[in-house]
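K.L.:
Its first residue numbered 0, the sequence shown is counted upward by one per residue in numbering that gives the first Met the number 0.
Ideal Cβ positions, reconstructed from N, Cα and C, are used throughout, including at glycine.
Just so it is clear, the structure is predicted and the values come from calculations on it, not from any experiment.
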Amino acid sequence: MTSPPASARQRPKTNNPFLIEFLLAMPRIQRAIVSVTDKTGLVEFACKLAGMGVELVSTGGTAKLLRDSGIKVKDVSELTGFPEMLDGRVKTLHPRVHGGILHRRENPSHRTAVAEHGIQPIDMVVVNLYAFEKTAAKPGVHFEELIENIDIGGPSMIRSAAKNFQDVAVVTSPADYPAIAQEMGSLGGELSQQTRWRLAQKAFAATAAYDAAIASTLERVSANGRFELHADTGFPPTLRLQFQKIINLRYGENPHQKAAMYSDGSGTGIANGRQLQGKELSYNNIVDLQAAWDLAQDFSEPVCTIIKHSNPCGTATGKTLVEAYKKALECDPVSAFGGVIGVNRLVDGETAEEMAKLFVEAIAAPSFSGAAKAKFASKKHLRLLEIDYAPQKWVLKNVSGGILVQDNDLHQLQETQLKVVTKRPPTQEEVRALLFAWKICKHVKSNAIVYVREGQSVGIGAGQMSRVDSCKIGAMKAVLSLQGTVAASDAFFPFPDGVEEIARAGATAIIQPGGSVRDQEVIDTADRLELAMVFTGIRHFRH
0 MTSPPASARQ RPKTNNPFLI EFLLAMPRIQ RAIVSVTDKT GLVEFACKLA GMGVELVSTG
60 GTAKLLRDSG IKVKDVSELT GFPEMLDGRV KTLHPRVHGG ILHRRENPSH RTAVAEHGIQ
120 PIDMVVVNLY AFEKTAAKPG VHFEELIENI DIGGPSMIRS AAKNFQDVAV VTSPADYPAI
180 AQEMGSLGGE LSQQTRWRLA QKAFAATAAY DAAIASTLER VSANGRFELH ADTGFPPTLR
240 LQFQKIINLR YGENPHQKAA MYSDGSGTGI ANGRQLQGKE LSYNNIVDLQ AAWDLAQDFS
300 EPVCTIIKHS NPCGTATGKT LVEAYKKALE CDPVSAFGGV IGVNRLVDGE TAEEMAKLFV
360 EAIAAPSFSG AAKAKFASKK HLRLLEIDYA PQKWVLKNVS GGILVQDNDL HQLQETQLKV
420 VTKRPPTQEE VRALLFAWKI CKHVKSNAIV YVREGQSVGI GAGQMSRVDS CKIGAMKAVL
480 SLQGTVAASD AFFPFPDGVE EIARAGATAI IQPGGSVRDQ EVIDTADRLE LAMVFTGIRH
540 FRH
């Protein structure tokens, strides 16, 4: 089959005449070198290549797999005339491999040179790399094993093929096998230069990510007699981040701002969630879903939180999820309208029945039952997101000219860490409520004050410039009575007036970090008002 004339092919999306010329050329693929660590889908792909008359050249375990599957394959040593050596370290690093890949077919001097040295053209390189990151993640991995899992030949072939993409197709991902086989089948064994260019771009990204993973890992390796990985003692000197765009958003926080969402490839978290139904997620939906999901994951018992503008307007636990939802909604039903819900349990039919009565933008959950999906199906715009949990190690924030990086705030306060500082110690019931309030307070924008009864938020004051104002707003927002509640403050009280407001609202105990120069004044005020107060020694600012 001959290539269709340039006029009959799809015109590349570029105005560069030189780029157009080489994107429209399509040499036929006659020989492929195949050497992969991830063998997913390889046998089927190799069968299709062989069926189109492509000669397959391979190495080691890949060659064995193909032969065992009844596919004819030539060893790379037959191509090079040189045996594999040094425990496989040297097998594809040879002029007859790289010359076959790198020579330009339209260049007469290149054609003469390869002919003089008996170098056969290689038209496709199917390579993926040693699983370095998987090896590095093994507990107690030794330096020698780590080094041996640094691929040399693979990246070299990938880069050679990607550099010469006009003549050579480079395939680094099993996900591309079906589309490549289909295109070759429809074009008589050829691939368009547009496809080759796309594959080359992907290949350079793959080797860049691979080198970044190696560099980032080796920065955490120290010499002490034997080289072994040691515990991470801080942040890397160079921060290398790799994210893939998964969706363009309609706009950002506001309609005049453009936005997109990227994935870290982990398969976990909000960015990798499975949207079951509803409109496309907005930027603000995603931010609120993250806040809801983070809060829900801080609890082991069934919990429900309702988020509005990144702050919880109601959070509660219960024996069942439906009980938790009803209690969370009770805190501030007005603010809950149009909010986002986060839970840490499967959403069942009974819970869905209650949630469906409220206008909600989105719900984040580990999963939804069939009954819940059926109930929500009539709410066409409601977004349902199933999420796999994994704790984030770092939190990143942009600043002009750079980026801030910090450990994620995953601190879990234990009852034994509480320091009673008032004459009256809290009752056991108050202690349980204080610990519950402390968990919620961590997820409220500073300055944060949270009033709760055991297992239920009652009033939340968020994001005020003055802590005493947060105390007042939390009390003002309360729908339920605050008598007998307890209060949490994310940071210390700089003056006694906040404690006075909390007592005036009806709370009986306070949990706070302590650490103010006026701590004693605050404690004396609590004693005068017969409040119990405990210090945590931990602050939970959230900006």
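Could you pull out every residue in the same chain whose Cβ sits closer than 8 Å to the Cβ of I149, ignoring the five residues on either side in sequence?
P.N.:
Position 150 of the sequence shown, counted from the start, is the residue given in the question as residue 149. Correct list, in chain order: Y129, F131 and I213.
K.L.:
Helix, strand or coil: which one does DSSP assign to F367?
P.N.:
Numbered from its first residue, the sequence shown carries residue 367 at position 368. Residue state, collapsed to three classes: strand.
K.L.:
Buried or exposed, going by whether 16 or more other CB atoms sit within 10 Å of the CB of L22?
P.N.:
Here residue 22 is taken as the residue at index 23 of the sequence shown, counted from 1. Because L22 sits at a pLDDT of 45, beneath the cut-off of 50, its placement in the model cannot be relied upon, and the following sentence gives the value as read from the coordinates. By the neighbour-count rule (16 or more Cβ atoms within 10 Å), L22 is buried.
K.L.:
According to DSSP, Q276 sits in a beta bridge with which residue or residues?
P.N.:
Here the question's residue 276 lines up with position 277 in the sequence shown. Paired residues: L383.
K.L.:
I need the boundaries of the alpha helix (DSSP H) containing R543, first residue and last residue.
P.N.:
Since the first and last residues shown for the chain are 0 and 542, residue 543 lies out of range.
K.L.:
When DSSP labels each residue in this structure, what does N310 get in the three-state scheme?
P.N.:
Translated into positions along the sequence shown, residue 310 becomes position 311. In this structure, N310 counts as strand in the three-state DSSP scheme.
K.L.:
Nearest-angstrom Cα distance between T421 and E529?
P.N.:
Numbered from its first residue, the sequence shown carries residue 421 at position 422. Numbered from its first residue, the sequence shown carries residue 529 at position 530. T421 and E529: Cα-Cα distance of roughly 9 Å.
K.L.:
When DSSP labels each residue in this structure, what does Q519 get in the three-state scheme?
P.N.:
Here residue 519 is taken as the residue at index 520 of the sequence shown, counted from 1. In this structure, Q519 counts as helix in the three-state DSSP scheme.
K.L.:
Using CA atoms only, rank isn't needed, just tell me which of L217, R249, Q241 and G251 is closest to F235.
P.N.:
The count along the sequence shown starts at 1 and reaches residue 235 at position 236. For the sequence presented, residue 235 should be read as Pro rather than Phe. Residue L217 is the option with its Cα nearest to P235.
K.L.:
Helix, strand or coil, according to DSSP, for R239 in the structure here?
P.N.:
Position 240 of the sequence shown, counted from the first residue, corresponds to residue 239. Looking at R239 - three-state DSSP - the assignment turns out to be coil, as it is neither helix nor strand.
K.L.:
Can the beta-carbon of G268 be found less than 9 Å from the beta-carbon of A389?
P.N.:
Locating residue 268 in the sequence shown gives position 269, counting from the first residue. Locating residue 389 in the sequence shown gives position 390, counting from the first residue. Closer than 9 Å, so yes.
K.L.:
Whole-angstrom Cβ separation of T304 and A270, contact assumed at under 8 Å?
P.N.:
Stepping through the sequence shown from its first residue, residue 304 is reached at position 305. Stepping through the sequence shown from its first residue, residue 270 is reached at position 271. At roughly 20 Å, the Cβ-Cβ gap does not stay under 8 Å, so T304 and A270 are not in contact.
K.L.:
Report the partner residues of S159 according to the DSSP bridge assignment.
P.N.:
Here residue 159 corresponds to residue number 160 of the sequence shown, with the count starting at 1. Paired residue(s): none; S159 is not in a bridge.
K.L.:
Taking the straight line between their C-alpha atoms, what separation do you get for A499 and G139?
P.N.:
In the sequence shown, counting from the first residue as 1, residue 499 sits at position 500. In the sequence shown, counting from the first residue as 1, residue 139 sits at position 140. It is Glu, not Ala, that sits at residue 499 in the sequence shown. E499 and G139: Cα-Cα distance of roughly 54 Å.
K.L.:
Assign R538 to one of three DSSP states: helix, strand, or coil.
P.N.:
What you label residue 538 is simply residue 539 of the sequence shown in a count that begins at 1. Reduced to three states, the DSSP call for R538 is coil.
K.L.:
State the Cα-Cα distance for the pair L403 and R239, rounded to the nearest angstrom.
P.N.:
As a position in the sequence shown, residue 403 is number 404, starting the count at 1. As a position in the sequence shown, residue 239 is number 240, starting the count at 1. Cα to Cα, L403 sits roughly 13 Å from R239.
K.L.:
Tell me whether F534 is buried or exposed, calling it buried when 16 or more other Cβ atoms sit within 10 Å of its Cβ.
P.N.:
Taking the first residue of the sequence shown as position 1, residue 534 is located at position 535. Buried, because 16 or more other Cβ atoms sit within 10 Å of the Cβ of F534.
K.L.:
Under the assumption that H442 contacts L294 (Cβ atoms under 8 Å), give the Cβ distance between them as a whole number of angstroms.
P.N.:
Here residue 442 corresponds to residue number 443 of the sequence shown, with the count starting at 1. Here residue 294 corresponds to residue number 295 of the sequence shown, with the count starting at 1. Confirmed, about 4 Å.
K.L.:
What residues in its chain sit with their C-beta under 7 Å from that of E20, if we drop five residues either side in the sequence?
P.N.:
The residue given as residue 20 occupies position 21 in the sequence shown. Reliability fails at E20, whose pLDDT of 49 lies under 50, so the model's placement of it is uncertain and the value that follows must be treated cautiously. If we look at E20 and ignore the five residues flanking it on each side, it has no Cβ neighbours.
K.L.:
Ignore the nearest five residues each way along the sequence and tell me which others in Y209's own chain have a CB closer than 8 Å to its CB.
P.N.:
Mapped onto the sequence shown, residue 209 falls at position 210. Counting only Cβ-Cβ distances below 8 Å, and skipping sequence neighbours, we find L128, F131, D150 and P154.
K.L.:
Tell me whether V443 sits in a helix, a strand or coil according to DSSP, three-state version.
P.N.:
Along the sequence shown, one-based indexing puts residue 443 at 444. Correct three-state label for V443: coil.
K.L.:
Report yes if the C-beta distance between G317 and G454 is below 9 Å; otherwise report no.
P.N.:
As a first step, residue 317 must be located in the sequence shown, where it is residue number 318. As a first step, residue 454 must be located in the sequence shown, where it is residue number 455. Yes; because the gap between Cβ atoms is below 9 Å, this pair is in contact.
K.L.:
Buried or exposed: which applies to R452, given that a residue is buried once 16 or more other Cβ atoms fall within 10 Å of its Cβ?
P.N.:
Numbered from 1 along the sequence shown, position 453 holds the residue referred to as residue 452. Buried: at least 16 other Cβ atoms inside 10 Å.
K.L.:
Taking the alpha-carbon positions, what's the K201 to R30 distance?
P.N.:
For the purposes of this step, residue 201 is taken as the residue at position 202 of the sequence shown. For the purposes of this step, residue 30 is taken as the residue at position 31 of the sequence shown. Distance between the alpha carbons of K201 and R30: 21 Å.
K.L.:
Under 8 Å, with one C-beta from each stretch per pair, do the stretch 474-489 and the stretch 408-421 reach the 3-pair mark?
P.N.:
no
K.L.:
Looking at the unbroken beta strand (DSSP E) that takes in S262, where does it start and where does it end?
P.N.:
On the sequence shown, residue 262 is found 263 positions in, with the first residue counted as 1. A258 to S262 is the span of the beta strand (DSSP E), which, as asked, contains S262.
K.L.:
Rounded to a whole number of angstroms, what is the C-alpha to C-alpha distance between S368 and S334?
P.N.:
Residue 368 sits at position 369 when you count from the first residue of the sequence shown. Residue 334 sits at position 335 when you count from the first residue of the sequence shown. Each residue's Cα considered, the two are about 27 Å apart.
K.L.:
Who does I501 pair with in a DSSP beta bridge?
P.N.:
If you number the sequence shown from 1, residue 501 lands on position 502. Its beta-bridge partners do not exist; DSSP assigns none.
K.L.:
What residues in its chain sit with their C-beta under 6 Å from that of G473, if we drop five residues either side in the sequence?
P.N.:
Position 474 of the sequence shown holds residue 473. These residues qualify, in order along the chain: I448, Y450, G458, I459 and G460.
K.L.:
Less than 7 Å between C-beta atoms, sequence neighbours within five positions excluded: which residues of the same chain meet that for G224?
P.N.:
What you label residue 224 is simply residue 225 of the sequence shown in a count that begins at 1. Note that G224 scores 38 on pLDDT, short of 50, meaning its location in the model is unreliable; the coordinates nonetheless yield the value given after this. So the list is empty, once near-sequence residues are dropped.
K.L.:
Please list the terminal residues of the continuous beta strand (DSSP E) segment that includes E189.
P.N.:
Numbered from its first residue, the sequence shown carries residue 189 at position 190. Here E189 belongs to no beta strand (DSSP E), and DSSP marks it neither H nor E.
K.L.:
Would DSSP call V42 helix, strand or coil?
P.N.:
Counted from its first residue, the sequence shown places residue 42 at position 43. Reduced to three states, the DSSP call for V42 is helix.
K.L.:
Using 10 angstroms around the beta-carbon of A7, count the other beta-carbons present and answer buried if the total reaches 16, otherwise exposed.
P.N.:
On the sequence shown, residue 7 is found 8 positions in, with the first residue counted as 1. Because the pLDDT at A7 is just 36, under 50, the model does not fix this residue reliably, and the point stays unresolved.
K.L.:
The beta strand (DSSP E) spanning G625 covers which residue range?
P.N.:
Residue 625 cannot be examined here, being either before or after the span of the chain that is shown, 0 to 542.
K.L.:
Going by CA-CA distance only, name the one from L64, L55 and A114 that's closest to K73.
P.N.:
As a first step, residue 73 must be located in the sequence shown, where it is residue number 74. The shortest Cα separation from K73 among L64, L55 and A114 belongs to L55.
K.L.:
I'd like the list of long-range same chain contacts for E329, defined as Cβ closer than 8 Å, with 5 residues on each side in sequence excluded.
P.N.:
On the sequence shown, residue 329 is found 330 positions in, with the first residue counted as 1. So the qualifying residues of the chain are G313, A315, Q455, V478 and L479.
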